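A short worksheet on the structure shown next.
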Amino acid sequence: MSQHDRDLERRARELYLRASRDVDPATAGRLRAARRTALAAPHESPARRLMLPAGAFAVVALASLMLWQPGVTPPSAPPAVTQSADTEATDLPPDPDSTDPALYQNLQFYSWLAYNDTQPSAAHK
Amino acid sequence: MEHEDANTDEAKSAVNGSLALDSASLDDVREVPANMDAFLAAIERRAWRMAEIHLGNREDGMDAVQDAMLRLVRHYADKPPGEWTPLFWGILRRRIVDLQRRRKVRSIIVGWIGGGRDDDGDELPAWEPADDSPDPSARLQDSQAYGDIVVAVRKLPQRQREAFTLRIMEGLDVAETAAVMGCSDGSVKTHLSRAMHSLRDQLEAWR
Numbered sequence: 001m002s003q004h005d006r007d008l009e010r011r012a013r014e015l016y017l018r019a020s021r022d023v024d025p026a027t028a029g030r031l032r033a034a035r036r037t038a039l040a041a042p043h044e045s046p047a048r049r050l051m052l053p054a055g056a057f058a059v060v061a062l063a064s065l066m067l068w069q070p071g072v073t074p075p076s077a078p079p080a081v082t083q084s085a086d087t088e089a090t091d092l093p094p095d096p097d098s099t100d101p102a103l104y105q106n107l108q109f110y111s112w113l114a115y116n117d118t119q120p121s122a123a124h125k
Numbered sequence: 001m002e003h004e005d006a007n008t009d010e011a012k013s014a015v016n017g018s019l020a021l022d023s024a025s026l027d028d029v030r031e032v033p034a035n036m037d038a039f040l041a042a043i044e045r046r047a048w049r050m051a052e053i054h055l056g057n058r059e060d061g062m063d064a065v066q067d068a069m070l071r072l073v074r075h076y077a078d079k080p081p082g083e084w085t086p087l088f089w090g091i092l093r094r095r096i097v098d099l100q101r102r103r104k105v106r107s108i109i110v111g112w113i114g115g116g117r118d119d120d121g122d123e124l125p126a127w128e129p130a131d132d133s134p135d136p137s138a139r140l141q142d143s144q145a146y147g148d149i150v151v152a153v154r155k156l157p158q159r160q161r162e163a164f165t166l167r168i169m170e171g172l173d174v175a176e177t178a179a180v181m182g183c184s185d186g187s188v189k190t191h192l193s194r195a196m197h198s199l200r201d202q203l204e205a206w207r
């Protein structure tokens, strides 16, 4: 570093500090007022600073819990599946609106088949 | 990506040389304050000068300092007094950058709504807030010299300007300057080296 650089730094710093000391009274008064306003402002305590992230975490955790419930069937399950399960459980005749029409066309064949299944020995004779 | 390794030797030389600053005035600036009131009272005028250098406008500088003081008291009053100095300058630096960005956006909007060209179709200068106060140099005994350094510093790129004003004018050490600027020590040295190179050319008359 040259002497010129050192002189430049020293002079720049002196001028800056002198300019800061020689601020006009009006500006100095405004700075004092700004300082008083700042000091009168409520301080944010460390506990309060932690409340925002803690609250955000609680909201996210609650939302996650509501969306993810293991072992519970979603209420919007497909109706066809529910109906099929009900049909198997109750042994009622199939709903004509949701059953294959071919089943009704061959109804006599299925009846015969069911009869043979219940009486295997008679069918073999 | 900043070229932190560039000119390393020159940068180190510049930084080491800057330690030759006037130690008496440095002590005045770096006293650990007794309380927040004393801290702000000691720093408020320099902060305003610093903001004025960066923003080129007294009122914007006042706004920046007011906001920085408010934020320091509100959020960091419970920190140890020894940490207030870098915290305050960091807050003020971010506030200055915010104001510069807002000013740029206002210039763009003024350009969009037709304020960017006059009746002859010539481009008007970018919008700047009115500053009807006298030039800072008019109030100073060394007005011409201070005006010269302010003009030269304002011509520097932003990061070089920050490094020079914080490290040389305000007298923060390299680590503090790096913390305030949000970069590495090496980056500060590089920015400072380039700033000194540019100022040497601009202030040739000071030789």
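Same order as they appear, the protein sequences are chains A and B. 1 is the number of the first residue of the first sequence in the working numbering; add one for each residue after it. 1 is the number of the first residue of the second sequence in the working numbering; add one for each residue after it. Idealized CB from N, CA, C, for every residue including glycine. Fair warning: this is a prediction, and the values are worked out from it, not measured in the lab.
Here residue 162/B has 181 as same chain residues with Cβ atoms under 6 Å from its own Cβ, once five neighbours each way along the sequence are excluded. Assignment of residue 156/B by DSSP, reduced to helix, strand and coil, places it in the coil class. Using a Cβ-Cβ cut-off of 7 Å, residue 69/B is close to 34, 35, 38 of chain A, given in chain order. In this structure the region 98-109 of chain B does not touch the region 72-83 of chain B; the number of beta carbon pairs closer than 8 Å is below three. Assigned with DSSP and collapsed to three states, residue 189/B falls in helix. A direct Cα-to-Cα measurement between residue 154/B and residue 52/B gives close to 10 Å.
Rounded to the nearest angstrom, the gap between the Cα atoms of residue 198/B and residue 3/A is 16 Å. Per the Cβ contact rule, the region 61-69 of chain B is not in contact with the region 58-71 of chain A (fewer than 3 Cβ pairs under 8 Å). Nearest to residue 152/B by alpha-carbon distance, out of 191/B, 187/B, 67/B, 201/B, is 201/B. For residue 59/A, same chain residues with a beta-carbon under 8 Å away, outside a window of 5 residues either side, do not exist.
Close to residue 20/A, with beta-carbon spacing below 7 Å, are these residues of chain B in chain order: 45, 46, 49. In the structure shown, residue 14/A adopts helical secondary structure according to DSSP, grouped into three states.
Look at residue 66/B: its C-beta is under 8 Å from a C-beta on chain A. DSSP, reduced to helix, strand and coil, places residue 53/A within a helical segment of the structure shown.
Less than 8 Å separates the beta-carbon of residue 170/B from that of residue 46/B. Between residue 167/B and residue 186/B, the alpha-carbon positions lie close to 13 Å from each other.
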